[in-house]
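>
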Amino acid sequence: MFGLVLSAGAVAAQTEVKLGYALAPDSHYGVGAAAFQEVVEAETDGEFTFKHFPSSGLGGEREVIEGLQIGTIEATIVSSGTLANFVPETGVFDIPFLFRDLDHARRVLDGEVGDEILAKFDDVGLHALAWGEQGFRHITNNRNQIAKPEDVAGLKIRTMENPVHLEAFETLGAAPTPMAWPEVISSLQQGVIDGQENPLSVIVSVKLDEVQEYLTLSGHVYSPAMLLVSKPFWDGLSDAHKAAFEKGAEAAVAAMRGFVDDVEASGVATLKERGMEVGTLSAEQKAAFQQAVQPAYESYYKQYDKDVIDRIIATE
Ligand code: PAF
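Offset between the sequence shown (1-based) and our numbering: plus 17.
1. Buried or exposed for S247, going by 16 or more other Cβ atoms inside 10 Å?
2. Tell me which residues share the same chain as E184 and place their Cβ nearer than 7 Å to its Cβ, disregarding the 5 neighbours each side in the sequence.
3. Kindly identify the DSSP beta-bridge partner or partners of P193.
4. Is it buried or exposed, Y46, if we count other Cβ atoms within 10 angstroms and call 16 or more buried?
5. Thinking C-alpha only, which one of F114, D168, N161 is nearest F13?
6. When the Cα atoms are used, what is the spatial distance from V201 to E178?
7. Please list the segments of the alpha helix (DSSP H) lying wholly inside the region 114-154, counting only runs of 4 or more residues, in order along the chain.
8. Any heavy atom of the ligand PAF closer than 7 Å to the CB of A305?
9. Is L245 near the ligand PAF, judged by its Cβ being under 7 Å from some heavy atom?
10. Three-state secondary structure (DSSP) at I210?
11. Among the candidates Q151, K173, G149, whose CA atom is the shortest distance from the CA of N159?
12. If I'm right that G49 touches M273 with Cβ under 8 Å, what's the distance once you round it to whole angstroms?
13. Return the Cβ separation of I90 and K35 in integer angstroms, given the expectation that the two are a contact with Cβ distance under 8 Å.
14. Report, in whole angstroms, the separation of the C-beta atoms of T93 and V81, which I expect to be a contact under 8 Å.
So, in structure tokens, the structure goes:
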């Protein structure tokens, strides 16, 4: 949205950036969005102002991305949930047990493989500024604690609208339901689903402990986030403005990662205090899950470039 602002005799054009995201202002997305705004506003002397739409205020992540494509929304921070529906290659990061730890994931996303995938968004009406982060995903549910693959048999678990995650849970024998995030809490409350999976950053900030009894630290898949802008909007920016948005995106990523580091350190204690029963998969138990999900890998290797998978695994 464009407007004119009068200040002490000066007339400056101002552009409002609508920034939508699924979580609250005090989440990793909220702190990332605030850092993005602060840097862009400072770097452009207030030529750009921001209007935040947290907590899915503009709809589910898929709808928001579609809004960016047609230019009705300027920017968003989203999970990899639905990104594979726009740029299929992003799905490679959703393969279970692919990343060893946060450092490994950050090095891959900040390196060539991450950059190659970011560049693909320009072909689909979007411009990807940077990879943000949510952390490793864990399972919560109301049915039982999980220690072995058999414990998820028949579990009605919500997955993101993401074919890689869906296939993994089907292979494990669960009963997964892909669902947009705005429907998840009410579906848990009504017992339509038994559980869901998300990183500690989400579980803590959304207070999933209010609707979920068991948390299993499964770390089954790494969950990147992405800072995306509308391509029509991006193409209308000057080089100096583009540089300001890129600098803002760097600040957003640092803020998100800082939040994730903090919640990784404190989140489990917080959730135990709030009454959740927390279990941790040992290395052997994790290996049993990895073994049980093997049949899905054959399909992943057909869908994704083996060279990319090998480069991810080989990243030190
Ligand atoms: O589970 C999801 O859909 C995502 O992780 C969430 C919570 C919307 C954050 O992007």
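Just so you know, even glycine gets a beta-carbon here, dropped at the ideal spot from N, CA and C.
Result, derived from the coordinates:
1. Of the other Cβ atoms in all chains shown, 16 or more fall within 10 Å of the Cβ of S247; this residue is therefore buried.
2. A distance below 7 Å between beta-carbons, with the five flanking residues on each side excluded, links E184 to the following residues of its chain, in chain order: A313, S316.
3. I174
4. buried
5. A query on residue 13 cannot be resolved here, the shown segment of the chain reaching from 18 to 333 and no further.
6. 12 Å
7. 119-127, 129-136
8. no
9. no
10. coil
11. Of the residues Q151, K173, G149, the one whose Cα lies closest to the Cα of N159 is K173.
12. 4 Å
13. 5 Å
14. Between V81 and T93 the Cβ distance is about 5 Å, and since that is below 8 Å, they are a contact.
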